Amino acid sequence: MQQTRTFTDKILLVLKGLAMGAANKVPGVSGGVVAFVAGFYEEFIYSLQKVNIKAFKLLISGRFRSLYQYVNGKFLGLLILGMLISYFSVSKALDYLIIHYELYVWSAFFGMIIGSIYYISKDFDEWDRNSILFAIFGIIGGIAISFLEPARENDNLWFVFVCGMISVSGMTLPGLSGSFILILLGNYVLLLVDSVNALYDTMAELIMLDFSFTGDPERIRMLQVLAVFALGSLAGLVSLSHLLGYVLKTRKKETFAVIIGFITGSLGVVWPWKEKVFKVNELGETLIDREGNRIIDNYDRYWPAFHTAETWLAIFFIVVGIFIVLGLAWYENRNSTS
Numbered sequence: 001m002q003q004t005r006t007f008t009d010k011i012l013l014v015l016k017g018l019a020m021g022a023a024n025k026v027p028g029v030s031g032g033v034v035a036f037v038a039g040f041y042e043e044f045i046y047s048l049q050k051v052n053i054k055a056f057k058l059l060i061s062g063r064f065r066s067l068y069q070y071v072n073g074k075f076l077g078l079l080i081l082g083m084l085i086s087y088f089s090v091s092k093a094l095d096y097l098i099i100h101y102e103l104y105v106w107s108a109f110f111g112m113i114i115g116s117i118y119y120i121s122k123d124f125d126e127w128d129r130n131s132i133l134f135a136i137f138g139i140i141g142g143i144a145i146s147f148l149e150p151a152r153e154n155d156n157l158w159f160v161f162v163c164g165m166i167s168v169s170g171m172t173l174p175g176l177s178g179s180f181i182l183i184l185l186g187n188y189v190l191l192l193v194d195s196v197n198a199l200y201d202t203m204a205e206l207i208m209l210d211f212s213f214t215g216d217p218e219r220i221r222m223l224q225v226l227a228v229f230a231l232g233s234l235a236g237l238v239s240l241s242h243l244l245g246y247v248l249k250t251r252k253k254e255t256f257a258v259i260i261g262f263i264t265g266s267l268g269v270v271w272p273w274k275e276k277v278f279k280v281n282e283l284g285e286t287l288i289d290r291e292g293n294r295i296i297d298n299y300d301r302y303w304p305a306f307h308t309a310e311t312w313l314a315i316f317f318i319v320v321g322i323f324i325v326l327g328l329a330w331y332e333n334r335n336s337t338s
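Throughout the sequence shown, residue numbering follows full-length UniProt numbering, covering 1 to 338 in sequence.
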């Protein structure tokens, strides 16, 4: 499914990767939705399917040009580049906005998911009893996940590997947030905060030719955790893409119906009006991470008070989120037809 791309197409693909990476960072938002709405979901899945035994044989035989072409390297490379840029830029800005303007950020994402549901559903003209049933299953699954109780943190390497395999689902399954799954598994702070901070610190020290971290058992442990998590994510990304590629070929209508349902069910996760519930120990003391921030355990949702200006401003951002998605979709369609 490789395509000939202009320079503008390549820039847009990097920007889509940037949006996908930013979405993956936020608990409750799925990068897969970005791929689905932006129209490159199937190419993304089929490209990941090419990471297989044949690709491995090309790698070990040194046939790098053939490997690049086989795995649709230009597409995946530009997309991954956007995700990496996002991780060190947009995701940092999102962290700041969520801390200081949390209600409005959630409202915008809530609106963007509503816009995504409308955009995906309006062109799905294969609704019948079977596809409606699959969509209902997707809705139930999305809602059920949003109300699960989180587990406690577990840094056993086998469990970290499993977390990697499961959490990467947010990139391949629209509506399923990998970050939120890590919260439910109890390892969000361990894998996306503590271990990443350990990597940042290590890279900064290596640049300064400081190797003192090698004598720090906690730092080494965090780096091990991050490495195993990355391996688990890679294994999950490849294995899940093969499964999704198969069902897209054999049950495309039902798969799309489940995805639409799952995205709809995920609205419960990104409901803007909610309060954080923080983790506490046996003494009732609030637990904090390495940066001194309280560790999120889950969210308590509530109904907004419509007599406040804050609520109406949040509703305004929901509308903005809807129009952002529909505007980007319109721009994408115009480019593809011109």
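All C-beta atoms in this analysis are idealised placements derived from N, C-alpha and C, irrespective of residue type, glycine included. Values in this document were obtained by computation on a predicted structure and should not be read as measured data.
{"query": "By DSSP, does residue 71 sit in helix, in strand, or in coil?", "result": "coil"}
{"query": "List the endpoints of the continuous beta strand (DSSP E) containing residue 306.", "result": "Where residue 306 is concerned, there is no enclosing beta strand (DSSP E), given that its DSSP letter is neither H nor E."}
{"query": "Does the structure place the segment 267 to 279 close enough to the segment 74 to 88 that three or more beta carbon pairs sit under 8 Å?", "result": "no"}
{"query": "Counting along the chain, where does the alpha helix (DSSP H) carrying residue 180 start and finish?", "result": "178 to 185"}
{"query": "With DSSP as the reference, label residue 6 as helix, strand or coil.", "result": "coil"}
{"query": "Could you round the C-beta distance between residue 111 and residue 262 to whole angstroms and report it? I think they count as a contact, below 8 Å.", "result": "About 18 Å separates the two Cβ atoms, so there is no contact after all."}
{"query": "Once you ignore the five residues that flank residue 148 on each side, which residues in its own chain have a CB closer than 6 Å to its CB?", "result": "184"}
{"query": "How many angstroms separate the CA atom of residue 197 from the CA atom of residue 107?", "result": "28 Å"}
{"query": "Tell me which residues share the same chain as residue 321 and place their Cβ nearer than 6 Å to its Cβ, disregarding the 5 neighbours each side in the sequence.", "result": "108, 111 and 112"}
{"query": "Along the chain, where does the alpha helix (DSSP H) that runs through residue 102 open and close?", "result": "102 to 122"}
{"query": "Contact between the segment 234 to 242 and the segment 113 to 120: three or more CB pairs below 8 Å?", "result": "no"}
{"query": "Give the straight-line distance between the Cα atoms of residue 218 and residue 228, rounded to the nearest whole angstrom.", "result": "15 Å"}
{"query": "How is residue 147 classed by DSSP in three states: helix, strand or coil?", "result": "coil"}
{"query": "Could you give the residue range of the alpha helix (DSSP H) that holds residue 276?", "result": "Run containing residue 276: none in the alpha helix (DSSP H); it sits in the beta strand (DSSP E), 274 to 278."}
{"query": "Would you kindly work out how many angstroms separate the C-alpha atoms of residue 271 and residue 30, rounded to a whole number?", "result": "14 Å"}
{"query": "Express the C-alpha separation of residue 51 and residue 67 in angstroms, rounding to a whole number.", "result": "9 Å"}
{"query": "Check whether the Cβ atoms of residue 231 and residue 202 lie closer than 8 Å to each other.", "result": "no"}
{"query": "Give me, in chain order, the residues of the same chain whose beta-carbon lies closer than 6 Å to that of residue 167; leave out the 5 immediate sequence neighbours on both sides.", "result": "178, 181 and 182"}
{"query": "Between 255, 210 and 64, which has its C-alpha nearest residue 126's C-alpha?", "result": "255"}
{"query": "Mark residue 89 as exposed unless 16 or more other C-beta atoms lie within 10 angstroms of its C-beta, in which case mark it buried.", "result": "exposed"}
{"query": "Do you know how far the Cα of residue 7 is from the Cα of residue 264?", "result": "35 Å"}
{"query": "Where do the N-terminal and C-terminal ends of the alpha helix (DSSP H) with residue 202 fall, by residue?", "result": "195 to 207"}
{"query": "Pick from 114, 162 and 13: whose alpha carbon is nearest that of residue 75?", "result": "13"}
{"query": "Over what stretch of residues does the alpha helix (DSSP H) that includes residue 54 continue unbroken?", "result": "53 to 60"}
{"query": "Roughly how many whole angstroms lie between the Cα atoms of residue 103 and residue 70?", "result": "44 Å"}
{"query": "Would you mind reading off the limits of the alpha helix (DSSP H) that contains residue 47?", "result": "41 to 49"}
{"query": "For the alpha helix (DSSP H) containing residue 254, name the first residue and the last one.", "result": "252 to 265"}
{"query": "If we call anything under 8 Å between Cβ atoms a contact, is residue 172 one with residue 45?", "result": "yes"}
{"query": "Please classify residue 305: is it buried, with 16 or more other beta-carbons within 10 angstroms of its beta-carbon, or exposed?", "result": "exposed"}
{"query": "Do residue 163 and residue 192 have their C-beta atoms closer together than 8 Å?", "result": "no"}
{"query": "The alpha helix (DSSP H) with residue 167 in it runs from where to where?", "result": "157 to 167"}
{"query": "Taking 8 Å as the threshold (C-beta atoms), are residue 146 and residue 34 in contact?", "result": "no"}
{"query": "Per DSSP, residue 286 is paired with what?", "result": "280"}
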